[in-house]
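Residue numbers (my numbering): 5 to 389.
Below, the structure written as structure tokens:
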């Protein structure tokens, strides 16, 4: 059986790329197709492949810094891949990968990280944060997003089966595409420590410093709690502005390597997260380090964090504003010793890479059996003289 794996694009190693890596472990002989591949050879090897098949976008100028400018061309580019020689096509899609063209004798299973959020329910947030709320550029952007929605809806019927990374995304897929899906939580690299480090005095926030990650309300919240220490890990265009907002109890450490970030996690009193994520791999990573999570009670966080029951692993706040975060942190401090760090580590094992691989292969095999049984059940057409 020849297998093709189609991924939107490759320029950084993020959560979607962790999923790609584990899918490649399931199908190590698969060929990789992607709109463009800007990874180093070492990064490709980390994911489990040597070379990839890319589209005409690979040759476009200024691709690394301005790849989102080529969004209008992406549907056309993804449709140009000739996958006709493959028996099984697996797409890993947060944008356009699910739109590859396959034939009736090919099984296409799409792992959908999310429908294009900037084209659907978060369009207005995207336009606001991009400075495109009004004017000629706004009109052009809205027209492009309208066309993307129409293409996205049409191509949603292409995959034979859809797998989503959370119940939250499954609801979005149902609302956007009118299709049911199976949920398989994404793989998370769990902590693997010989020695558990002692818990320090700090709380931790970590992400790319961009508006939609909502680091600002966390910083403002800790400005109102000068007796508590916050460390912010990560870099991005908001860094300078956020540093100017921060009080003396808020420390920015910039980008830190994964090992150092894990050390900051495991020694933190709690991990604080105010963004609405489809799943939120970093929330599980923190729990795997034994760290309770204080998060916005929306999106995938409600599935990865246990905020009630006999073995809680964190707490939720209702709104991504400073006052709600202050109330949540103060409530956590009052009951901090009732949340077991061992329970946090145990909760994280529900989202291991091994579990993902087992569930993913089982799901694909089930679809293959159904697909082949459907072929055998077809009636021979009658010729009418």
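Ideal placement from N, C-alpha and C gives every residue a C-beta, glycine not left out.
Less than 8 Å between the beta carbons of residue 271 and residue 202, yes or no? yes
Measuring only the C-alpha atoms, how far is residue 358 from residue 188? 12 Å
What is the DSSP secondary structure of residue 233, reduced to helix, strand or coil? strand
So, helix, strand or coil for residue 55, using DSSP? coil
Can you check the stretch 235–312 for any alpha helix (DSSP H) of at least 4 residues that lies completely inside it and give the ranges in chain order? 243–249, 262–271, 285–292, 305–308
Tell me whether residue 319 sits in a helix, a strand or coil according to DSSP, three-state version. strand
In three-state terms, what does DSSP make of residue 157? helix
When we look at the beta-carbon of residue 151 and count the other beta-carbons within 10 Å, is it buried (16 or more) or exposed? exposed
Quick check on residue 7: does DSSP put it in helix, strand or coil? strand
Measuring alpha carbon to alpha carbon, tell me which residue in 293, 277, 212, 331 is nearest residue 306. 277
C-beta neighbour in chain B for residue 320, strict 8 Å: In the structure shown, chain B does not exist; there is a single protein chain.
Suppose the cutoff is 7 Å on Cβ atoms and the five residues either side in sequence are ignored; what does the same chain contact list for residue 326 look like? 221, 224, 225, 228
In this structure, what does DSSP give as the bridge partners for residue 115? 96, 167
Can you list, in chain order, the residues of its chain with a C-beta nearer than 7 Å to that of residue 29? Leave out the 5 residues immediately preceding and following it. 52, 361
Identify which residue in 183, 298, 186, 75 has its Cα closest to the Cα of residue 148. 75
Test item: CB-CB of residue 98 and residue 10 under 8 Å: no
Quick check on DSSP: helix, strand or coil for residue 356? strand
Note down, in chain order, each residue of its chain lying with its Cβ closer than 6 Å to the Cβ of residue 216, except the 5 sequence neighbours on either side. none
Less than 6 Å between C-beta atoms, sequence neighbours within five positions excluded: which residues of the same chain meet that for residue 19? 285
On the premise that residue 57 lies in contact with residue 85, defined as a C-beta separation below 8 Å, what is that separation, rounded to the nearest angstrom? 7 Å
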